[in-house]
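Below, the structure written as structure tokens:
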């Protein structure tokens, strides 16, 4: 349902851009960009093409299997796995937005991307990044309620509440990305056309605008602070309460189970927020543009691949569901 209207949105963005170009005369002359990617020798690029293709397949396979387990096994029809299924969808979309273009560039570095395609990629990246930020906050709240208020968990985390929280995350993620899109589309791009990145990252694209982009940069920083620092602070506060509650658990088995569930989520939070805060909020030193490229590579390629592994390797319920599914396949 959430992806159903994306093609119409892309078409609307294209029409807006064409209208702006016609109204702006000759000022906006660049209609396509070249992504510089990673300046490496052709041999190394081919090796990376093979590795990244393999990682991309693992990402799709891992998250796809994870989604299949959650949907097919009734024992996993709980709020926690409902949120995890949305996280898996976002991870698949995240990877599909950036990795295919990066693979194309590794094979053909001079192949351009259209302005509309570039803006669409920027918009989708920001959308999925915002959604993942908000979903991780929702998941931390779910763990907080489960451990700190176990007797009231079913009443607090009803299906109505779960659906409302996920829908809010998706809607806010799209709206926050639209703000950047509205500020980006009117900018004139009259050259150069080389984006110093492996995809159309918003800061790299803004550097090519033939106009003052201070407002855009301020909005990017403000958005990063509000979507990264604010939610991350709430996650930290949630886990302080969770840790205090876990330490009060008398049963060693119960304490271990609580730690196991929360440690998986903490690993994912650390990977996502750690790289994102360093990229957009952290101090600038050395060569921040090159450093950001490699951090974003980890962010958009490795994070989506690792998330299902982190949640499944330390989770007995997921491993049991996988065993049951394999046994059914063997019997049939």
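Numbering (our numbering), first residue to last: 2 to 333. From the three backbone atoms N, C-alpha and C, an ideal C-beta is built for every residue, glycine too.
(message) Please state the DSSP three-state secondary structure of residue 115.
(response) Within the chain shown, residue 115 is the residue found at index 114, counting from 1. Strand.
(request) Apply the 10 Å Cβ neighbour rule to residue 255 and answer buried if 16 or more other Cβ atoms are within range, or exposed otherwise. (result) Sequence index remark: in the chain shown, residue 255 carries index 254 (1-based). Taking all protein chains shown into account, residue 255 has fewer than 16 neighbouring C-beta atoms within 10 Å of its C-beta and is therefore exposed.
(request) Helix, strand or coil for residue 195, going by three-state DSSP, please let me know. (result) As a first step, residue 195 must be located in the chain shown, where it is residue number 194. Strand at residue 195.
(request) Go to residue 254, then tell me how far its alpha helix (DSSP H) extends in each direction, as first and last residue. (result) Position 253 of the chain shown holds residue 254. Looking at the DSSP string, the run of the alpha helix (DSSP H) that includes residue 254 is 253-281.
(request) Assign residue 20 to buried or exposed, taking buried as 16 or more other Cβ atoms, counted over all protein chains shown, within 10 Å of its Cβ. (result) Within the chain shown, residue 20 is the residue found at index 19, counting from 1. Bear in mind that the predicted position of residue 20 carries a pLDDT of just 46, short of 50, making it too unreliable to give a figure here.
(request) Could you please give me the residues that DSSP links to residue 34 through a beta bridge? (result) Reading the chain shown from its first residue, position 33 is the one you call residue 34. Residue 34 pairs with 114.
(request) Measure the CB-CB distance between residue 107 and residue 55 and report whether it falls below 7 Å. (result) One-based indexing of the chain shown puts residue 107 at position 106. One-based indexing of the chain shown puts residue 55 at position 54. No, they are not a contact pair.
(message) Can you list, in chain order, the residues of its chain with a C-beta nearer than 6 Å to that of residue 163? Leave out the 5 residues immediately preceding and following it.
(response) One-based indexing of the chain shown puts residue 163 at position 162. Around residue 163: 80, 83.
(request) Specify the secondary structure class of residue 41 as computed by DSSP and reduced to three states. (result) On the chain shown, residue 41 is found 40 positions in, with the first residue counted as 1. In this structure, residue 41 counts as coil in the three-state DSSP scheme.
(request) Answer yes or no: do residue 64 and residue 94 have a C-beta to C-beta separation smaller than 7 Å? (result) As a first step, residue 64 must be located in the chain shown, where it is residue number 63. As a first step, residue 94 must be located in the chain shown, where it is residue number 93. No; because the gap between Cβ atoms is not below 7 Å, this pair is not in contact.
(message) Just to confirm my understanding: we take residue 325, look at its own chain, exclude 5 residues before and 5 after, and list those with CB closer than 6 Å. What are they?
(response) Translated into the one-based positions of the chain shown, residue 325 becomes position 324. Sequence-distant partners of residue 325 (beyond 5 residues in either direction) whose C-beta falls short of 6 Å from its own C-beta are missing from its chain.
(request) Measure the beta-carbon distance from residue 53 to residue 104 and round it to whole angstroms, keeping in mind my assumption that it falls under 8 Å. (result) Numbered from 1 along the chain shown, position 52 holds the residue referred to as residue 53. Numbered from 1 along the chain shown, position 103 holds the residue referred to as residue 104. Yes, residue 53 and residue 104 are in contact; Cβ-Cβ is about 6 Å, under 8 Å.
(request) Go ahead and pull the three-state DSSP assignment for residue 210. (result) Counting from 1 along the chain shown, the entry for residue 210 is found at position 209. DSSP places residue 210 in coil when its eight states are reduced to three.
(request) Can you give me the start and stop residues for the alpha helix (DSSP H) that residue 98 sits inside? (result) On the chain shown, position 97 is the one that residue 98 refers to. Unbroken alpha helix (DSSP H) run through residue 98: 80-108.
(request) Report all residues from its chain with a CB closer than 6 Å to the CB of residue 175; omit the five preceding and five following residues, and keep chain order. (result) Position 174 of the chain shown, counting from 1, holds the residue named residue 175. Cβ within range, chain order: 128.
(message) Assuming contact is defined by CB atoms lying nearer than 7 Å, are residue 280 and residue 296 in contact in what I supplied?
(response) Within the chain shown, numbered from 1, the residue matching residue 280 stands at position 279. Within the chain shown, numbered from 1, the residue matching residue 296 stands at position 295. Yes. Within cutoff.
(request) Give me the Cα-Cα distance between residue 226 and residue 116, rounded to the nearest whole angstrom. (result) Within the chain shown, the letter at position 225 stands for residue 226. Within the chain shown, the letter at position 115 stands for residue 116. Their Cα atoms are separated by approximately 28 Å.
(request) Assign residue 74 to one of three DSSP states: helix, strand, or coil. (result) Locating residue 74 in the chain shown gives position 73, counting from the first residue. For residue 74, the three-state secondary structure derived from DSSP is coil.
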